[in-house]
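Structure, as structure tokens:
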Amino acid sequence: MSTARSLGLWTDGVNSLPTGANNAITDVPGVTVGHRTLQGNGLATGVTAVVPHQGDLFRSKVRGAVEVINGFGKSGGLVQIAELGTIETPILLTNTFGVAACTEALIRRAIEQNPKIGRQTSTVNAVVCECNDGQISDIQAMAVTVDDASAALDAAAPGVVEQGAVGAGTGMTAFGFKAGIGTSSRRLSIGKQEFTLGSLVLANFGRAGDLTLPDGRRPSPNDVSAPEKGSIIVILATDLPLGDRQLQRVARRAGAGIARLGAFWGNGSGDIVVSFTTADQVVHEGPDFQTVQMLDNDHIDVAFRAAAEATQEAILNALAAAPAATGRSGKVFPSLADWAKEQQR
Numbered sequence: 173m174s175t176a177r178s179l180g181l182w183t184d185g186v187n188s189l190p191t192g193a194n195n196a197i198t199d200v201p202g203v204t205v206g207h208r209t210l211q212g213n214g215l216a217t218g219v220t221a222v223v224p225h226q227g228d229l230f231r232s233k234v235r236g237a238v239e240v241i242n243g244f245g246k247s248g249g250l251v252q253i254a255e256l257g258t259i260e261t262p263i264l265l266t267n268t269f270g271v272a273a274c275t276e277a278l279i280r281r282a283i284e285q286n287p288k289i290g291r292q293t294s295t296v297n298a299v300v301c302e303c304n305d306g307q308i309s310d311i312q313a314m315a316v317t318v319d320d321a322s323a324a325l326d327a328a329a330p331g332v333v334e335q336g337a338v339g340a341g342t343g344m345t346a347f348g349f350k351a352g353i354g355t356s357s358r359r360l361s362i363g364k365q366e367f368t369l370g371s372l373v374l375a376n377f378g379r380a381g382d383l384t385l386p387d388g389r390r391p392s393p394n395d396v397s398a399p400e401k402g403s404i405i406v407i408l409a410t411d412l413p414l415g416d417r418q419l420q421r422v423a424r425r426a427g428a429g430i431a432r433l434g435a436f437w438g439n440g441s442g443d444i445v446v447s448f449t450t451a452d453q454v455v456h457e458g459p460d461f462q463t464v465q466m467l468d469n470d471h472i473d474v475a476f477r478a479a480a481e482a483t484q485e486a487i488l489n490a491l492a493a494a495p496a497a498t499g500r501s502g503k504v505f506p507s508l509a510d511w512a513k514e515q516q517r
């Protein structure tokens, strides 16, 4: 699996932060990622699961936030995150017409763990985000099922994350190249403590010809006429104690990482960031008053930098890991890795 670093596409700046051990969102302790890939018979789609921790998420929620950079999207569960500042299910990524099946899978799994949901206690807020993979996959086939979503959840594991044309990213494209799932992480030092922030992206955005690498090069897929109509979903995870307001501020900085690569968040692009911290979890049925542990804002700049850097590199990793593919109309989406290797000759 090629990465931006292995292909010479990533350039650290003077103040760049170090990566985690796997340079992945799973470097945040407890976070796992799983994929379910559907290919063949006109399909190139799937589901990717991001699980914040290995306990009962409904009973022990993580603090979260959402930043809608451009709202051309059909995601589920974002309104409640914005209102309450917590996340109580894993986060599933899929294609636009797979949101309902993924939502059902999350609800059913939560009820299995907590039979009182919707009866003796509150309902559950399933979190699903999407991008349109219809340029490559037959999206009208409505191929993603509850079982596929469950399989992605069951496959969630720590360690190295498979990237590129896998899971929800199987049929995605970016800047005219084949793209998909990408991830990266950064280590943070605050006082005498060490923390990690990781980014995972579903990259399906950017106008062909606009991609700008960190060293200033402008790879072109030789098709610069089409307008930007794609989307990007960014999931940010950290173990840094942050309040939900702070998490939204950090999420907003993922937009800097997107913009550094040449995107301008076009009219038809759904650009959405969901962030969470595994620190200071919220008990479902806790005491009347709960304390909140959060970073002093005077130290938050390092988290802002980490969000921008990790998101920028995650997008490049999504592009670097994805092989060339042919769309349903016969259009070829080349591989950025092939372009990079040609430049090295």
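To convert, take the position in the sequence shown, counting from 1, and add 172; that gives the numbering used here.
From the three backbone atoms N, C-alpha and C, an ideal C-beta is built for every residue, glycine too.
Just so we're clear, the structure is a prediction, and the values are computed from it rather than from any experiment.
> What do you reckon, are the CB atoms on T342 and G202 nearer than 8 Å?
Replying inline: no
> According to DSSP, what are the bridge partners of D443?
Replying inline: N242, I404
> Nearest-angstrom Cα distance between L412 and A478?
Replying inline: 12 Å
>> Assuming Q465 and D452 are in contact, meaning their beta carbons sit under 8 Å apart, how far apart are those beta carbons, in whole angstroms?
In response: 4 Å
> Once you ignore the five residues that flank A324 on each side, which residues in its own chain have a CB closer than 8 Å to its CB?
Replying inline: G206, H207, R208, G218, V219, T220, A221, L264, G339
>> Using 8 Å as the cut-off, can you tell me whether the segment 365-374 makes contact with the segment 401-421, which would need three or more C-beta pairs spanning the two stretches below that distance?
In response: yes
> Expressed to the nearest angstrom, what Euclidean distance is found between the alpha-carbon atoms of D305 and D460?
Replying inline: 45 Å
> From A313 to L189, what distance separates their C-alpha atoms?
Replying inline: 43 Å
>> Is the beta carbon of T268 closer than 8 Å to that of K246?
In response: yes
>> Residues in the same chain with beta-carbon distance under 8 Å from T450, minus the five sequence neighbours each way, listed in chain order, please.
In response: V200, P201, G202, V203, P224, H225, V234, A409, T410, D411
>> Tell me the rounded alpha-carbon separation between N194 and P330.
In response: 10 Å
>> Below 8 Å on the Cβ atoms is my contact criterion, and I expect G378 with E400 to pass it. Report the Cβ-Cβ distance as a whole number of Å.
In response: 6 Å
> Residues bridged to E235 by DSSP?
Replying inline: It is Arg, not Glu, that sits at residue 235 in the sequence shown. According to DSSP, R235 bridges with T258, T449.
> Roughly how far, in whole angstroms, is the beta-carbon of A237 from the beta-carbon of Q462, given that I think they are within contact range, below 8 Å?
Replying inline: Incorrect: roughly 18 Å between the Cβ atoms, too far for contact.
>> According to DSSP, is K288 part of a helix, a strand, or is it coil?
In response: coil
> Rounded to the nearest angstrom, how far is the Cβ of T293 from that of N489, given a contact under 8 Å?
Replying inline: Not really, about 40 Å apart at Cβ, beyond 8 Å.
> What are the boundary residues of the beta strand (DSSP E) that includes N376?
Replying inline: 365-376
> Does the beta-carbon distance from P386 to W511 come in below 8 Å?
Replying inline: no
> What are the boundary residues of the beta strand (DSSP E) that R432 is part of?
Replying inline: First-last for R432: 416-432, but that is the alpha helix (DSSP H), not the beta strand (DSSP E).
> What do you reckon, are the CB atoms on L181 and D310 nearer than 8 Å?
Replying inline: no
>> Between the alpha carbons of I241 and Q484, how many angstroms are there, rounded?
In response: 15 Å
> If we cut at 8 Å on Cβ distances, does T355 have a partner in chain D?
Replying inline: Checking the listed chains, one finds no chain D in this structure; it contains a single protein chain.
>> So for Q515, helix, strand or coil by DSSP?
In response: helix
>> By DSSP's criteria, C301 is part of a beta bridge. Which residues make up the other side?
In response: L265
>> Only counting the same chain, and skipping five residues up and downstream in sequence, which positions put a Cβ closer than 8 Å to that of D228?
In response: Q285, N286
> Under three-state DSSP, which class holds V316?
Replying inline: coil
> Helix, strand or coil for R379 per DSSP?
Replying inline: coil
> Tell me the DSSP bridge mates of V333?
Replying inline: Answer is none; V333 lacks a bridge partner.
> With DSSP run on the structure shown, which of helix, strand or coil describes R500?
Replying inline: coil
> Just reading off the alpha helix (DSSP H) that A351 is part of, what are its end residues?
Replying inline: Note, A351: premise wrong, no alpha helix (DSSP H); not H, not E.
>> Looking at the secondary structure, which residues open and close the beta strand (DSSP E) in which A221 lies?
In response: 215-223
> DSSP on L325, reduced to helix/strand/coil?
Replying inline: helix
> What did DSSP end up calling V203 once you bin it into helix, strand or coil?
Replying inline: coil
> For L360, which residues does DSSP report across the bridge?
Replying inline: F367
> Nearest-angstrom Cα distance between N297 and D320?
Replying inline: 20 Å
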